[in-house]
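For the sequence shown, the numbering used here begins at 17 and goes up steadily by one.
Accompanying notes for the structure given below.
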Amino acid sequence: MRPSDRPALSIADDRRGRVPFALVGVLLLVSSGAYASGLATTGVTIDRSVERAMDRASADLTPAIRSATADAARAAAAQPVTRPGGDVPRTVIRNDSAFEDALRIRVGLAVEASVETVTARDGDIRATTTVPFEDPAPPTRGGYSPGNDDPTTLADVRDGVTIAPAANGTALEATVQNVTTTARRNGRIVGERTRDVTVVVAVPVLAAHERTERFEAALNRGAIEGTGLGRQLTGRLYAIAWARGYAQRFGAPVQNVVGNRHVELSTNAGITAVQREAFGAADPNASAGVRRAAVRTGLTDLLEPTGVDENEWSRFVLETSVPDPSDAAAASTETAPVTAGNGDESDATDVTETVTAGPAADAALVETLDRTDAIAESAYRVEATRRIRVDRTGGRTRPPLRESPGANWTYVGERTTSTADARGSGGENGFDTATRRVTADHRTTRYWTDGSSRRTTTVQWSQRYRVTVAVDGRYAPAAGAPDRPTSPTFERGGAIDGPNLRDTPDAARRKLDTANADAVVERAVESSAERRRRTVVYGDRPADLRGWMRDDLAAIHGEVRATETTVEMRAVAAGTANPYGELAATLRDERDELVDAPRTYDGAADRARVAARRAYVDATIEELERRARTAQDVQDGVENAASERDRGGSTDGTSLGQYVAAAGRTTDPDPDEVGVEGPGGPVSFRPAGSPGYLPRTTIDAASPAVEPGSRTRPLVTRNVNVFTVPYGDAASGIVDRALAAGDRVPLPQAGRTLAASERTLRETGDEADTPDGTTASDAGSTATTDEEQTAELRRSHDRLESDVSGSIDRVERRVEHRIGAVTDLPGAERKAAVDAASDRYATPGQLATAMGDGRYAEAIVAETGRRTTLTDGDRAHLGAEIRTTLRSAMESDRTSVSKSRVTRAGEITRTVARKRIESVVENELRRAGGKAVDRLGEEHEWATDVTKQVGAGLPVAPVPGYWYATVNVWHVDVAGTYPRFELRANTGPPGQPFRYVRGSGRSTVEMDGKRVTLGYTDPVRFETGTTVVVAVPPGPPGVGDVDGTWSERSAGWPCPGAERRTCSAKSESR
């Protein structure tokens, strides 16, 4: 049978190969009992060797990474990467994170090297640790060497490590990513663990770098940009410049208000303040250097400021002895000894000057008195009107009709003659109306012709009219006095019992041709005369009106002239002062009170008096406003001159006022705490520069930061005085624009220079001995030089005296003429008064000076009063006239003096006087050191007086009489570098304190036995600057550098550092 033919069986029916279920149950029961019995007697065995080996390796891993991180952080601090370059591509060490990238690489490489030693064994299990950037390939010029198919790069190392500051940056938190611990048995991996490992090390590398970067940024920050060296320099130089400027203004022989020695000292003092803010402490060596430099600078300030023995100065300020570090903060105030003279730098910027309206009031009084007649006439003005009305009352309106004398007569033409007869009376006086009845008789003759002969006929006819002639008058004073009613008018009386317009009606009738009413009406009837007509007449004025008005103006003149305001010198320096504008505003507010118009004018004379008052006050206000515009032009000129690049100015739009404000915001910052709760305990930083104090002189291998055989100059400085002496350069241009002076100098300034040369000649001309007591023969070439300078002084004096004397003659003639215009003195008496006033002054220089400062005007008034009687009004008038005449003369080119002659005389005068001062001080320094200035005896005080005669700086509102301040501007620039700058912290292993070092060099690491340059370490460098503005009260000698050097640059400018180094300083492009 085929298989297919067999019957099919179901699984349930098929019982082949089956075991009974009971048998299976028995088997399972017996087996489980046997297994349980075995477990109970022998226990379970577990192999934990892998876990133990990996735990031991992990336990050793964290200390290893911590130690490697700390070592890497200290290495990064010793060679911080501040600029990428060298062997590593800039994609690895990036510009904006060069230090952090290099630190991460150092940590990664150190960790990679350290984890190789982290192993653990347990029986046949060996545990090892690896990082993902294992065995990185060193870079080559062509990239990475193909040591394996997929080399690890430094970028991988950098990315495998993250860093973050801890405890305010005084500790470093580093995380190494994907650290793997692997367990092997006989080379076969039996276990693996991967995790990120984070450690915190008490190494303040991030804080040190961040604060050093902050310190360097602050050193490079300008005065306007915020707190930093620029603002510190500004505050310190302002204190020095204002104190020395005021000392110069009030008599101290200060030749350089701002010198590079002050710039150096202020820069270093400012650096110590910036260090305290950035690090919490200042370099003790820097503080000591500031102290020594301050003492030496103050001691030598009266001597030649630009000469310096570089080796001696460097040794002096870099002496190794240092003060107690706890006293370092005091270094910021050590610039006080620099102030020469009696100036108080704490008060100088708070000085105020009182400015009066006197000069403007004088000019206005003269102008008003010159216009007195016109003002008075306008107060006596009357407008008059004539109106004529003609009304016909009877008679014919036209001639009778023509009647021919016969046939054939032709009318040729006619002529009419008329006569008028007016009857009536009255209305012919004053402003009144006259009425007349007028009969007009007419005779008309007519002409006829018949072609061969002529014939006439005559007719008579008449007309009757009523004619009125009205003459009206109205008091119509011109604008001047405030609008008030006036009473009485058109009748005698008033304030001074004058005609008071009484004569104006008759004058108006005469001018309007209405004096004879009959004639007017007859003409009105006979012809088409102008029926309406207007005119203006002026009343007669009393003879004493002018004197009365003058006396009234003299009374108000004293009040107006005394109007004053106070101007702060700080505001002048900032360019915000406008005293004449303030005075104008004050008078404008007080105008009504000064004019003092009554409710009703007491006649025309009273109105004339008030009109003169108002004209005088308005003229004073106008003059003040004009002078305010002139002062503003000068202030604008100061700003423009200060911004000129060829004088060290800036083109960034910063105003002088912003620098003045920045000086007021300069403060010594509070030290910034570094860290008090770090993992290693409190952390403090101490900066240590090499050198600590940055001199503008060279230092050599004696400094540990300077390579043997080389010399370096840590600091270079430049200061530019914008307005130099005398009346040249930028100041000259501004004054020229204000006074249209061209190449001339106003007479008073020339007179002061001449007076100085006169006194210098008197004091030195007959001396045979040199200042130190040796004879001329002993002094040799020095005596010869002195003789040559004296001879040149004599020649310059004589030339200048000739010019000044000629100008004085022209001024005297003007004054003599004005005396004649004000008084009745005859010519001989006027000349005698002028000569007597001039004879009060011994020399032309003294006389020219007095003409500009007001003393000469007082002398003229006094001498004139001795020769004629002057009322108070006359005296006020004469004084105002003379003062105004002198001011006008001082502005005139005809009385000015050649600038070149004034300049040369001033230069040689200062040279001779200065040498005398220097000789005396140097001799006393040899004998008594710091008491040299006190020993400058009375016999040599003339030299200090002479040095302050020749002006310096720029007068604000330079017009004589309006000079209320003198300003000057210095642009100061500094550039410096620390050959080595070290920041130390009180952390680290014993004997190995933490040091963050900035110098010039490469930052390298070792990879596969070769040194790889990660980048470069740059020294701490800085460039900054400021602008100093000083304003002093008016008067000689002003304020400014007067040694003939307008741009003082230290050797090496603009490149600090190694000698013969080239650079491009930012300040050169300012």
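Quick reminder that beta carbons are idealized off the backbone N, C-alpha and C, glycines included.
Secondary structure within the segment 187-220: the beta strand (DSSP E) runs of 3 or more consecutive residues, fully enclosed, are 187-201, 204-217 (chain order). Non-local C-beta neighbours of residue 702 in its own chain, meaning closer than 6 Å and more than five positions away in sequence, comprise 297, 1000, ordered along the chain.
The segment 444-462 makes contact with the segment 476-492, as at least three CB pairs between them are under 8 Å. Secondary structure at residue 476: strand, using DSSP grouped into helix, strand and coil. Partner residues in the beta bridge of residue 464, as assigned by DSSP, are 427, 471. Distance from the Cα of residue 116 is smallest, within the candidate group 209, 305, 152, 223, for 223. In the three-state reduction of the DSSP assignment, residue 521 falls in the helix class. Around the C-beta of residue 427, fewer than 16 other C-beta atoms lie within 10 Å, and the residue is accordingly described as exposed. Here DSSP, grouped into helix, strand and coil, assigns residue 821 to helix. Per DSSP, residue 265 is one residue of the alpha helix (DSSP H) stretching across 245-265. Shortest Cα-Cα distance from residue 139 to any of 94, 92, 68 involves 68. Per DSSP, reduced to three states, the secondary structure at residue 143 is strand. Here the alpha carbons of residue 971 and residue 575 stand approximately 27 Å from one another. Scanning its chain for C-beta atoms nearer than 8 Å, with the 5 sequence neighbours on each side dropped, one finds around residue 527 the residues 400, 551, 553, in chain order. Boundaries of the alpha helix (DSSP H) harbouring residue 71: 65-94, taken from the DSSP string. Apart from the 5 residues on each side of it in sequence, residue 368 sits with its Cβ closer than 8 Å to the Cβ of 582, 583, 584, 585 in its chain, given in chain order. 1054 is the residue among 1070, 1054, 514 whose C-alpha sits nearest the C-alpha of residue 267.
Residue 705 is classed as buried because its beta carbon has at least 16 other beta carbons within 10 Å across all chains shown.
When only Cα atoms are considered, residue 495 and residue 394 end up about 8 Å apart.
Look at residue 924 here: in three-state DSSP terms it is helix.
In the structure shown, residue 970 falls within a strand segment according to DSSP collapsed to helix, strand and coil. With at least 16 other beta carbons inside 10 angstroms of its own, residue 238 counts as buried. Here residue 203 is exposed, its C-beta having fewer than 16 other C-beta atoms within 10 Å. Counting along the chain, the unbroken beta strand (DSSP E) around residue 1012 starts and ends at 1010-1015.
Listed in chain order, the alpha helix (DSSP H) runs fully inside the segment 881-918 are 888-907, counting runs of at least 4 residues. In the displayed model, residue 100 falls within a strand according to three-state DSSP. Secondary-structure assignment with DSSP links residue 737 through a beta bridge to 986.
In this structure, residue 301 places its C-beta atom within 8 Å of the C-beta atom of residue 707. Looking at the DSSP output, residue 1023 shares a beta bridge with 1026.
The continuous stretches of alpha helix (DSSP H) do not include residue 702, which lies in the beta strand (DSSP E) extending over residues 701-706.
Bridge pairing for residue 1042: 988 [DSSP].
Secondary structure note for residue 764: its alpha helix (DSSP H) is the uninterrupted segment 763-780. Comparing C-alpha distances from residue 291 to each of 507, 244, 310, 851 shows the shortest one belongs to 244.
Here the C-alpha atom of residue 1070 lies approximately 20 Å from the C-alpha atom of residue 247. If you ignore the 5 residues before and after residue 873, its C-beta comes within less than 7 Å of the C-beta of 895, 898, 899, 902, all in its own chain and listed in chain order. Residue 731 sits close to residue 710, with the two beta carbons spaced by under 8 Å.
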